[in-house]
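Beneath this line is the structure, given in structure tokens, with notes to follow.
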Amino acid sequence: MNVSRKTEGATLVLTVLMVLLLMAAVIVVTSQLTIAARRNSSDQESTVRVQYAAESGVSRAQARLNALSLLLSKDMQPPASTGTTEIQNYVSQLCTGTTVTLPTTGVICGIDASTASDSTISAASNLLGTVGPDARYGLFTAYLSDAQMAARGYTVNSTNTKAAFFKSLFSDAGVSLNGSLTSAANDSIATSVKAKLLGVVRDATDQYRIFVQVPDVTSTGSASTGASRQLKVDVTEPVYTLRVGRGSFAEFALFTNHHFSDPTAETNNSRIVFTANTKFSGPVHSNQNVTFQGNAYFGGDFTSAGCPANQIRTGTNGDYCNSGANAGAYFGSSTTLTTPAQMDSAGNGSTRNDPVVNGVTPDLRGTPDWSHDFISLPVNSNNQLSASQNGGLYIPGTTSNLSFAVNSSLSLGGVTGKAQLITYTAGGTTTQLAFGANNRMYIFSGGSWQPAAQVPCVPLVQTGTTAPCATSGGGWAVSTAAAQGIFNGVIYAQSGVSNLNGPARTTASDPTTAPPAVADFAQMTLASSGDIHITSDLKYEDPPCTGTSALDPQCTNKSARNILGLYSAGGDVQIDSKYYCTTSGVVQCSSSGTYGTRTTYAPPNVTIQAVMMATGTTGKVWVNGYGAGPANNSLGSVNLLGGIIENYYGAFGVTNGTGFGRNYIYDTRTSDGIAPPAFPTQQAWNVKVQNTTGTFAVPIRVGGTQIQGGN
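Heads up: the sequence shown begins at 1 in full-length UniProt numbering, then just goes up one per residue.
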């Protein structure tokens with residue numbers, strides 16, 4: 001068909017118009033997409049900026065908490081010469097704002113957060129919420145220098161005083177850390193951090209626990225575009241325990257002065273090894289370096305002072321390290337010390353806090369301290385001797401037998417109730433004593449229980465000095481006056497105890513059938529300048545822990561009161577095995593005919609619930625006969641609930657199967673300051689930040705659950 005030129009021209013024009021319209025549409029759509037992309041990119045940039053700003057606020061809060069943590073746990077160390085009254089006055093100011101007489105033990109102010117419920121902790125007020133005078137913060141500031149504050153990022157001047165640091169941090173308002181990012185001046189950070197003083201508890205004359213809570217940290221980042229992001233981060237511990245005091249040696253699961261079995265082993269550099277069978281659920285300290293083999297487990301703090309072998313000396317004020325300390329430990333069969341820096345660079349993810357060296361990976365649940373201060377053992381047992389002669393029980397000479405038992409229904413002073421029994425034989429004479437929950441002492445005399453009073457000491461003057469009870473006195477006798485004696489729980493057996501025992505098992509092979517030796521209310525310490533021999537189970541009526549191993553201690557009964565301490569100042573604490581080597585001087589004898597049997601001895605799988613300490617020249621807690629008897633593991637393990645403090649590391653058994661194994665559970669009450677009466681304390685003041693239960697040291701830090709919000 002013929003098409004006119006006019007029609008063809010109209011078609012061409014229409015086509016061009018359609019193309020132009022299509023191109024215009026494409027241009028419009030492309031422009032909109034470009035604008036949207038730019039807008040989306042801008043929004044994303046704002047989101048990233050406010051997220052970064054919010055995270056920067058959290059970092060600022062953590063920096064202030066880091067400063068607080070280090071100032072309290074590393075820098076705040078009262079000199080050893082600091083007196084009891086000085087610390088007491090500072091604690092009084094902290095609690096009350098003035099100097100008052102404090103209770104000897106118990107809650108001084110606020111709450112005991114270690115036993116309080118979550119709801120009680122949440123409802124507790126901040127005792128320092130209202131800013132007070134400088135004197136109220138003296139406990140924190142008196143033992144910190146300006147240089148120490150500066151090293152933690154806080155320069156002291158006329159405005160920013162040491163007290164001002166703690167005033168603002170502990171106030172209800174907290175420390176404002178608002179600001180902006182230097183890279184984006186229009187972006188702002190809004191955050192603050194604070195700490196709450198919940199309470200103070202006095203555990204003993206020179207032992208305090210201060211409970212501090214750090215509320216969640218909230219940080220908001222904002223941009224000029226209107227975008228914002230809020231982060232809320234909780235802290236790693238609900239409550240932190242600041243411990244201030246001269247710590248009791250009872251707080252250790254294990255303490256060794258010399259980490260060798262005896263002086264000969266130290267001279268020969270024959271080291272004690274922590275193996276995969278080593279398991280401790282509480283604090284462990286050695287004044288020397290230790291050796292790890294395998295995956296040894298440490299559920300509490302691990303600290304070592306790093307004094308080299310053969311360098312511990314004894315002075316008038318106790319032991320000290322005669323040379324520079326070497327921080328670190330030995331791993332595997334290596335005879336070369338690995339320093340903390342070398343742990344960091346050992347590879348396989350190794351760090352000084354979680355070392356992996358030579359294929360050895362100790363399981364350190366707390367943060368290890370490889371360069372801890374040297375801790376001197378006490379130089380004598382004079383404090384325990386004095387306590388025994390002033391309300392305790394002093395037994396001169398050697399005690400051939402000492403028995404603890406519980407009578408659930410005994411009439412004392414006309415009142416029938418539970419009683420703690422103490423029976424001892426010395427010089428051929430047996431004495432029976434008993435006391436109830438009120439600690440009033442009774443003596444069995446003339447066929448009945450009579451009120452008793454302590455016999456006054458008759459001093460012996462010798463070369464110009466006084467030796468109390470050197471001739472007689474210190475025991476108990478029927479009271480001839482109206483006053484009756486109150487027993488303070490301290491027993492001092494001058495020259496040792498040959499046979500310390502509790503009630504016998506009803507089924508000899510079953511340790512669970514051993515009746516309790518220590519009543520639920522009784523708190524006792526047996527001290528001596530000689531050896532103490534354990535020949536039976538020694539069990540609490542109300543144990544604080546019910547678990548069967550350090551990996552599962554189940555220490556939930558922290559309100560339990562009963563506790564026992566055994567302390568040999570001049571000898572050993574010995575667990576007597578059934579077997580002994582018949583050849584003098586031989587300690588390992590597993591062949592038939594080379595060993596004999598004792599008439600009194602600790603039974604298989606013996607249970608000992610006590611804190612044991614031996615500080616003689618070669619003092620240790622050990623199994624007497626650890627290398628004797630059949631090599632078949634027939635004696636089982638020593639099941640210890642408590643701790644061991646010793647000058648040298650005592651042997652319990654041999655890998656061939658003689659002696660006893662070790663099954664230790666740490667009594668966590670001792671980390672809260674609970675200790676046997678007059679149990680030895682450390683010379684130096686110690687300040688440390690611990691977790692809520694006081695099991696191990698922790699830094700104050702955020703890092704828990706993080707919640708985000710914003711637009």
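Built from N, CA and C at the ideal position, the CB exists for glycine as well.
Within the region 585–628, the complete beta strand (DSSP E) segments at least 3 residues long are 595–597, 607–614 and 621–624, listed from N- to C-terminus. It is roughly 11 Å from the alpha-carbon of Gln342 to the alpha-carbon of Thr336. The residue among Lys279, Asn390, Thr398 and Glu55 with its C-alpha nearest the C-alpha of Ser219 is Glu55. The beta carbons of Ser536 and Pro603 sit closer together than 8 Å. Going by DSSP, Tyr567 is part of the beta strand (DSSP E) stretching over Ile563 to Ser568. For Leu231 and Val58, the gap between their C-alpha atoms comes out near 8 Å. Judged by their CB atoms, Ile575 and Val606 are nearer to each other than the 8 Å cut-off. In the DSSP assignment, the residues bridged to Pro451 are Tyr442. Taking 8 Å as the upper bound for CB-CB distance, Asp301 and Phe696 are in contact here, some 4 Å apart. A contact between stretches requires three or more CB pairs, one per stretch, nearer than 8 Å, and the region 564–572 meets this requirement with the region 528–535.
In this model, Ser323 and Ile312 are separated by some 8 Å (Cα to Cα). Between the region 477–494 and the region 382–398 there are three or more inter-stretch CB-CB distances shorter than 8 Å, so the stretches are counted as touching. Here the C-alpha atom of Ala63 lies approximately 34 Å from the C-alpha atom of Phe249. When rounded, the separation of the alpha-carbon atoms in Cys581 and Thr594 is 6 Å. Residue burial annotation: Ala147 is exposed, with fewer than 16 other C-beta atoms found within 10 angstroms of its C-beta. Take Lys279, set aside five residues on each side of it, and the residues of its chain with a beta-carbon closer than 6 Å to its own are Tyr297 and Ala550, in chain order. Close CB contacts of Ala195 within its chain, under the 6 Å cut and outside five residues either way in sequence, are with Leu169, Phe170, Val212 and Val214 (chain order). Judged by beta-carbon spacing, Val156 lies beyond the 8 Å limit of Val193, meaning their Cβ atoms are not closer than that value. For Ser386, the uninterrupted alpha helix (DSSP H) segment begins and ends at Asn382 to Gln389.
In terms of Cα proximity to Gly318, the closest of Glu237, Pro378 and Asn178 is Pro378.
Judged by DSSP secondary structure, Val490 falls within the beta strand (DSSP E) whose first and last residues are Val490 to Ala493.
Across the structure, Cys95 and Trp685 are spaced so that their CA atoms are roughly 20 Å apart. In summary, Asp369 is buried, with 16 or more beta-carbon neighbours lying within 10 Å of its beta-carbon over all protein chains present. If you keep only unbroken alpha helix (DSSP H) runs of at least 4 residues inside the region 259–336, you get 263–267. DSSP lists Ala426 as the beta-bridge partner residues of Thr429. Spanning the alpha carbons of Gly221 and Ala227 requires a straight line of approximately 8 Å.
Remark: C-beta atoms of Thr351 and Asp344 approach each other more closely than 8 Å. Between Thr141 and Phe166 a beta carbon distance of about 7 Å is seen, short of the 8 Å cut, so the two are scored as contacting. Per DSSP, reduced to three states, the secondary structure at Glu646 is strand. Taking the Cα of Ala163 as reference, the smallest distance to any Cα among Ala151, Tyr137, Leu70 and Thr105 is reached at Tyr137.
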